[in-house]
Every structure is written in C-alpha cells, then in structure tokens.
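S.K.: Heads up: the sequence shown runs through residues 2 to 643, numbered per my numbering.
Glycine is no exception: its CB is placed at the ideal position from the N, C-alpha and C atoms.
These figures come from a predicted structure and were not determined experimentally.
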Amino acid sequence: MKKTITYLVINGVFVINLFSQLLIQPAFVDSVVMRDGKKLAVDVYIPDTGAGISYPVILVQTPYNRLLYRTHGLPLFGNTIAAANYAVVIADWRCFYGSSSACNGNYDRANDGYDLVEWIAGQPWCNSKVGTWGPSALGRIQFMTARKRPPGLVCAVPLVAAPQYSYQEYYPGGVYRTEYVEQLDALGFGTSAVLLAHQTHDIAWTYSEIANYYPDSINVPMLMIGGWYDHNINVMMDFYAGIRQSSFMAVRDKHRLLMGPWTHGGHGNAGVGTAQQGQLSYPNAAGWSDSLALLFFDYYMRSVPNNWNTTPHIQYFQMGENTWQNCADWPPSGVSETILYLQNDGSIKTLLPSGNDIYNEITYDPRDPSPSIGGSTLHADLVQGPYDQAPLVENRNDILVFTTSTLTANVVMKGKVRVHLFVSSDRKDTDFAVRLTDVYPDNRSMILSDGIIRMRFRDGYTAADTSLMIPGTIYEADLELPDVANTFLAGHKIRLDISSSDYPRFDCNLNNGGAMYVAGDTLTATNRVYVDSGHASYIQLPINGFFVGVDKVNENIDPSFHVFPNPANDFLEVQFAGLPLLNTCVNISDMAGRIVFSKTFSVKELENKRIRIPLNGFSDGVYTVNICTTTDWSTQKIIIKK
C-alpha cells in the first residue's frame with residue numbers, strides 16, 4: 002500500500018508531513034533487538050525477495066529519520082532497488098525517530114552498530130557480507146562500528162567524517178564555532194552545553210582526543226570521501242593517515258581517500274558528488290563519489306575483478322585546473338613551502354618589506370561583524386562552498402585586503418596554508434580572521450579556505466597558556482588553514498583577506514578581555530597588522546611553480562648571476578655579481594615543474610657570492626635554476642648529463 006509522506010525542515014530538524022508520494026518502499030520494516038533488549042527500527046530494501054536469494058548488504062545508520070529515504074531515494078541507487086546487486090538496510094539511531102523508545106541513559110552506540118551488522122549477516126537475504134555507507138554523523142558511526150570489529154563487516158565508506166572529537170574541531174584557534182554547534186543542537190545532538198563547559202583544552206579534551214582516535218582498531222578496508230569545502234578536512238586527513246600507518250596490517254594498504262571540490266552538504270543543492278558547489282560548477286567531479294563507492298563495494302563485497310586494488314591510494318580534485326589527480330601520500334611530492342610577504346600597499350610579494358613601524362589598521366565592532374559568506378559552513382541558514390567575497394566582505398571598512406599581481410603562469414597549490422602575522426590592538430583581547438581567495442579576471446574573489454585565532458590563545462589552548470594582550474604591544478599570531486588543492490590560473494590573483502571577525506562561522510570576540518561566551522561589555526577595537534622589515538607578516542603557501550607566477554620574472558640569462566658548468570655532472574655552481582644577499586634562495590625544478598632542490602641561503606653562506614650544489618641523485622635531463630633575491634626572480638635553463 003502506498004503511503005503519502007513528505008518532510009519539512011524546521012530549525013534544522015526534519016518534521017513529517019503526510020502529503021507526498023513515495024519514491025520507493027522497503028521490502029519490509031523490522032525492529033531489531035539490541036543486546037540490552039531495546040529495539041531499533043529498520044527499513045529493509047531487497048532487489049528480489051524470492052526464496053533462496055541473498056545479497057551483500059549496505060547498512061546506513063542515521064539520526065535524521067530513515068523514512069526520508071522513502072521519499073528522497075536510496076543512497077547509491079536512487080528510486081529503485083530492483084536492478085541493484087545489493088540489499089540496503091536503513092536504521093534509525095537509538096533515541097531518534099523510530100528508535101526513540103530505545104533511549105536510555107546507559108548505552109554504547111558502537112555496540113548498536115555491531116549488533117545491527119551481526120543481525121543483518123544472519124538473515125537469509127544476506128550473503129553474510131555487510132558494508133556501511135553514510136556522510137557526516139552517518140559516517141562517524143561507521144568508524145565506531147568498525148572499531149568493535151563485528152565479524153560480518155567487510156568494508157566501510159564514510160563521507161565527510163572522522164571519529165575524532167578534538168578541541169580544534171569545535172574551537173579552531175581557540176574560537177567557538179557558533180553556527181556549527183547551533184546546527185548540531187538543532188539536529189538534536191545537544192552539544193553546546195558540554196562544549197561551553199570546556200572552553201580551553203583541559204583534561205576532558207585530552208581524554209576525548211585519545212579515546213576517539215583509534216586507527217589501530219580498524220580491521221576492514223575503508224574508502225574515506227571528503228570535500229575541499231567541508232569543515233571536517235583536518236580530522237579526515239589525520240585519521241586517514243592514521244589508518245594507513247597503524248590499522249591492522251592485512252588492510253593497511255587497502256584504504257583509499259577521495260577528495261573532491263565538495264561541501265559538507267545537508268541542505269541546499271550542493272553536497273558530496275554534485276557538480277554545482279556554491280557559485281561555481283565542477284562537472285568533472287559530478288557523481289565520482291557514488292561511482293567509486295560502488296567500485297569499492299563491488300570489489301570487496303561481490304569479488305568483482307574491477308582492479309580496485311590497483312587504484313591510487315589518494316585521488317583528489319585539483320580545483321582551478323578542474324582535473325582528477327592522484328598521489329600515494331598527502332601532500333604530494335614536489336610541493337615547496339613558499340613564503341610571500343604582505344606589503345604596505347596591499348600587495349603580496351616574495352620581497353621582504355622595508356621600513357620600520359609600518360602597519361595597516363582596521364576597526365572591529367563586535368556589534369557589526371564581518372559576515373560569513375560561503376566556505377566551510379554547516380548551518381541551514383548559511384550558504385556553503387565557493388562564494389564571491391568582494392560584494393559583502395571585501396567592500397566593508399573592517400577588512401585588510403592583500404593581493405598578488407596578476408599571475409603570468411599557473412600556480413599549483415596542494416596542502417595546508419599557513420599565515421604568520423605581527424599584530425597589536427588597543428584592547429586586552431581580540432581576534433584575527435583570515436580568508437584565502439582565488440581572484441578571477443572579472444574580479445570575483447572566490448573563497449578557498451579560512452581560519453581564525455583568538456589572541457589570548459596565541460601561546461596555546463590550555464588555561465595555563467592563555468594570557469591577555471597589553472594594548473599597543475606587538476605580538477605574533479600563527480594561523481593554519483585546512484588542506485586544499487587549487488591551481489591559481491594565469492590571469493588570476495592570490496588574495497588574503499584579514500579581519501577580526503567571521504560571523505556566525507566563528508564567535509565574535511567582545512574585545513573586553515573578560516569571560517567568553519557570556520553577556521558583557523562590547524568594546525570596539527583598533528587592530529593593526531604590521532608589514533615592515535622587523536615585523537614581516539607573511540603567508541606560506543604549499544605550491545610549485547610560483548617563481549614563474551607572481552613577481553617579475555627574467556626568463557633570459559641574467560647577467561647578475563652565472564650558473565656553471567652547463568652541462569653539469571657532479572656539481573653546480575652559482576656565482577653572483579652584485580645581487581643583494583639577504584634571503585637569497587635557489588630552486589631547481591625538472592621539466593615537469595617538480596622542485597627537486599630548494600634552499601634559502603644565509604648572508605654568511607653567500608659572503609663569497611658563490612655556492613656549490615652537489616648533484617647526487619639528479620637524473621639526466623633539462624632543469625631550470627631559479628634564483629630568488631630581495632628584488633625579483635630570475636631563471637636559467639641547465640642540462641645535467643652524468
């Protein structure tokens with residue numbers, strides 16, 4: 002019998018409305034008895050219910066109402082199960098929706114996952130092989146289930162998720178993630194009270210971080226799927242590296258990571274696997290998450306000889322180029338950490354700024370914070386993903402905008418961006434927030450990543466680490482942004498926006514130096530970012546090829562330096578003629594653009610205006626020697642012939 006059910010979202014919570022048509026109906030509904038006698042509600046979808054037919058089963062455990070799949074379609078299979086080679090089981094979490102009556106004060110959700118897997122594996126319509134799938138909370142519970150190692154579990158596909166509960170996840174830079182936690186509360190998790198009771202990194206956080214990081218407990222292959230615009234990038238990358246290093250030896254080489262140009266999803270049209278993400282479209286990434294998940298399931302649950310075992314360990318989408326690439330480890334080889342200095346005129350250059358006591362200044366009013374527009378948001382009232390910062394963020398008077406010159410060649414970035422600022426304030430405490438953007442030729446400033454630091458936490462996050470600022474005193478502030486893979490194309494620019502707020506993504510600092518997250522005096526702060534020779538604020542980018550991208554490039558042989566011998570064999574010498582010696586660096590790259598040698602030389606090392614570079618390990622071929630001085634970059638081609 003067809004029922005009519007629709008669902009509305011009110012304050013982030015799904016509410017049932019009885020008026021829409023079902024897309025798909027389960028073969029049957031059941032209540033599965035857990036070890037404590039409580040029952041969980043499940044919907045079971047089977048391609049063919051004929052006697053004697055069994056299938057591998059994909060288990061989805063959700064806190065968001067299993068009935069939604071009846072009107073929105075099944076994961077991976079849409080509105081039909083008939084042609085699938087799998088059965089699908091959707092279970093409501095204990096305490097949620099159909100399983101709300103199972104709620105009690107003493108239970109382990111991981112045990113529920115174990116019991117569900119073993120119940121499924123023992124059913125006549127199951128061939129004894131169970132895999133798990135699901136994003137976000139549905140992904141986190143997969144790790145919890147896998148940790149218990151149920152015998153019937155064969156593999157897992159967690160999306161935009163990791164098992165950790167870390168301080169930095171909820172307090173990045175020491176700042177409460179307002180919209181994130183509000184959304185979790187709206188979804189019924191009720192986390193804010195616990196989080197606000199532990200505002201510094203205390204023993205509770207230490208225990209949580211140890212208890213919820215268990216890569217050595219994983220004994221099944223995992224395909225972890227994430228997005229460059231997701232808020233879980235750091236914990237995902239960390240846990241993937243962990244299972245590659247310390248999960249059970251038999252599966253250590255079987256784990257895979259897929260990173261696309263995707264948001265976390267949960268509301269709106271953008272999500273894992275969709276082409277449209279914010280104001281940009283990535284058609285080359287559409288459907289990849291589902292396609293690879295099915296290949297993964299087919300290999301491990303159906304023994305299909307699809308060569309999944311030969312696929313790269315990491316496949317990632319290089320935004321800008323809009324291509325899929327792969328590597329064995331993250332970040333990929335050939336990436337160098339390149340420092341670019343912020344200048345007083347709002348530019349970004351390889352040159353160290355000159356002068357003394359030079360700064361740019363902003364005024365920050367907590368009652369009128371810089372708005373969060375796109376990026377790694379979660380709240381249903383906010384947009385997610387790549388959005389132009391120019392109209393609503395960069396046009397305000399409470400922001401500093403630093404931009405490179407127009408790039409003359411592609412600049413390829415892969416990894417974490419770090420920002421080191423010299424700052425001061427006329428208040429005892431304040432925040433500094435940064436946004437990294439890709440500026441298009443039409444002046445759209447599309448956000449890539451962001452970060453923040455609360456200055457009382459500049460030396461660490463324990464209560465003992467915290468200290469207020471002395472007004473007018475210059476301090477150093479370090480910000481680390483999440484991993485990202487983006488190519489800034491020739492004709493584009495690289496931009497760093499600096500403000501003192503990014504709300505509601507992050508809590509607003511009241512600037513009063515008092516207790517946090519309570520009502521109090523709201524003070525306006527005058528904050529400075531220093532850009533002089535003694536206080537050179539900079540951005541550190543994990544890039545290659547930058548030397549042909551930003552500052553003035555001399556592509557001819559530069560008479561100010563001489564590289565010899567050419568062709569070279571055992572060594573290479575670089576002789577300078579009158580170049581400035583401060584912060585001189587030498588990079589050598591091969592014809593593929595991979596940097597194979599990189600070093601910044603001290604004044605003492607260059608006092609003879611000559612350096613010798615051993616060529617041990619170099620292969621025969623054509624290379625480019627790139628000389629970076631305090632004035633510009635120069636390049637020269639050489640041949641190495643052993």
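#1: Let me know the secondary structure DSSP gives residue 324 once reduced to three states.
#2: Identify whether residue 641 lies in helix, strand or coil by the three-state DSSP scheme.
#3: Which term fits residue 642, buried or exposed, when burial requires 16 or more other beta carbons within 10 angstroms of its beta carbon?
#4: For a test of the three-state rule: what should DSSP assign to residue 553, helix, strand or coil?
#5: Would you give the residue range spanned by the alpha helix (DSSP H) that residue 239 belongs to?
#6: Among residues of its own chain, excluding the 5 on either side of residue 322, which ones have a beta-carbon nearer than 6 Å to its beta-carbon?
#7: How long is the line joining the alpha carbons of residue 28 and residue 209, rounded to whole angstroms?
#8: For residue 94, does the three-state DSSP call read helix, strand or coil?
#9: To the nearest angstrom, report how far apart residue 383 and residue 426 are at their CA atoms.
#10: Tell me which residue opens and which closes the alpha helix (DSSP H) that residue 183 is part of.
#11: For the putative contact between residue 614 and residue 598, defined by C-beta atoms under 8 Å, what is the C-beta separation to the nearest angstrom?
#12: Could you say if the segment 229-239 and the segment 479-494 meet the contact criterion of at least three C-beta pairs nearer than 8 Å?
#13: Would you identify the three-state DSSP class for residue 548, choosing helix, strand or coil?
#14: Can you list, in chain order, the residues of its chain whose CB lies under 6 Å from that of residue 186, leaving out five sequence neighbours each side?
#15: For residue 184, count neighbouring C-beta atoms within 10 Å of its own C-beta (all shown protein chains included) and say buried if the count is 16 or more, exposed if not.
#16: Would you list the residues sitting across from residue 42 in a DSSP beta bridge?
#17: Are the beta-carbon atoms of residue 41 and residue 71 separated by less than 8 Å?
#18: Whole beta strand (DSSP E) runs in the segment 307-393 with 3 or more residues, listed along the chain?
#19: Let me confirm a value: residue 385 is counted as buried when at least 16 other C-beta atoms fall within 10 Å, else exposed. Which label applies?
#20: Count the C-beta pairs between the segment 246-260 and the segment 276-286 that are closer than 8 Å, then say yes if the count reaches three, no if not.
#21: Given that a residue counts as buried once 16 or more other Cβ atoms are within 10 Å of its Cβ, and exposed if not, what is residue 588?
#22: To the nearest angstrom, how far is the alpha carbon of residue 120 from that of residue 515?
#23: Considering only residues of the same chain and omitting the five flanking positions on each side of residue 92, which have a CB-CB separation below 6 Å?
#24: How close, in whole Å, do the beta carbons of residue 459 and residue 434 come, if the pair is a contact with beta carbons under 8 Å?
#25: Where does residue 113 sit, in a helix, a strand or coil, going by DSSP?
#26: Please determine, among 124, 66, 98, the residue with the shortest C-alpha to C-alpha distance to residue 58.
M.R.: Let's see:
#1: Here residue 324 is taken as the residue at index 323 of the sequence shown, counted from 1. Residue 324 falls in the strand class under three-state DSSP.
#2: Within the sequence shown, the letter at position 640 stands for residue 641. Strand.
#3: Taking the first residue of the sequence shown as position 1, residue 642 is located at position 641. Classification of residue 642: exposed, given that the 10 Å Cβ count is below 16.
#4: In the sequence shown, residue 553 corresponds to position 552, counting from 1. Because the pLDDT of residue 553 is 45, which lies under 50, any placement of that residue in the model is unreliable, and the number read from its coordinates should be weighed accordingly. Correct three-state label for residue 553: coil.
#5: Counting from 1 along the sequence shown, the entry for residue 239 is found at position 238. Residue range 234-247 is occupied by the alpha helix (DSSP H) that includes residue 239.
#6: What you label residue 322 is simply residue 321 of the sequence shown in a count that begins at 1. These residues qualify, in order along the chain: 488.
#7: Looking up residue 28 in the sequence shown gives position 27. Looking up residue 209 in the sequence shown gives position 208. Cα-Cα distance, rounded: 40 Å.
#8: By 1-based counting over the sequence shown, the position of residue 94 is 93. Coil.
#9: One-based indexing of the sequence shown puts residue 383 at position 382. One-based indexing of the sequence shown puts residue 426 at position 425. Each residue's alpha carbon lies about 30 Å from the other.
#10: Residue mapping note: residue 183 aligns to position 182 of the sequence shown, counting from 1. From DSSP, the alpha helix (DSSP H) with residue 183 extends over 179-187.
#11: One-based indexing of the sequence shown puts residue 614 at position 613. One-based indexing of the sequence shown puts residue 598 at position 597. That pair is a contact at about 7 Å.
#12: Contact between the segment 229-239 and the segment 479-494 is present, with at least three C-beta pairs closer than 8 Å.
#13: Counted from its first residue, the sequence shown places residue 548 at position 547. Residue confidence is low: residue 548 scores 47 on pLDDT, short of 50, so the model does not pin down where it sits. No coordinate-derived value is stated.
#14: What you label residue 186 is simply residue 185 of the sequence shown in a count that begins at 1. 193, listed in sequence order.
#15: Walking along the sequence shown from the start, residue 184 turns up at place 183. With 16 or more other Cβ atoms within 10 Å, it is buried.
#16: Residue numbering aside, residue 42 sits at position 41 when the sequence shown is read from its first letter. According to DSSP, residue 42 bridges with 32.
#17: For the purposes of this step, residue 41 is taken as residue 40 along the sequence shown, with counting starting at 1. For the purposes of this step, residue 71 is taken as residue 70 along the sequence shown, with counting starting at 1. Between residue 41 and residue 71, the C-beta spacing is not below 8 Å.
#18: Runs of the beta strand (DSSP E) lying entirely within the segment 307-393, each at least 3 residues long, are 315-319, 324-328, 337-343, 360-365 in chain order.
#19: Residue mapping note: residue 385 aligns to position 384 of the sequence shown, counting from 1. Label assigned to residue 385: buried.
#20: These segments do not touch.
#21: Along the sequence shown, one-based indexing puts residue 588 at 587. Note on residue 588: 16 or more other CB atoms within 10 angstroms of its CB, so buried under the neighbour-count rule.
#22: For the purposes of this step, residue 120 is taken as residue 119 along the sequence shown, with counting starting at 1. For the purposes of this step, residue 515 is taken as residue 514 along the sequence shown, with counting starting at 1. Linking residue 120 to residue 515 through their CA atoms gives a straight-line distance of about 54 Å.
#23: Walking along the sequence shown from the start, residue 92 turns up at place 91. Excluding residues within five positions, the ones whose Cβ falls inside 6 Å are 41, 43, 62, 117.
#24: Looking up residue 459 in the sequence shown gives position 458. Looking up residue 434 in the sequence shown gives position 433. Contact doesn't hold; Cβ gap of about 14 Å is too wide.
#25: Working through the sequence shown from its first residue, we reach residue 113 at position 112. Note: residue 113 maps to helix in three-state DSSP.
#26: Here the question's residue 58 lines up with position 57 in the sequence shown. Ranked by Cα distance from residue 58, the first of 124, 66, 98 is 124.
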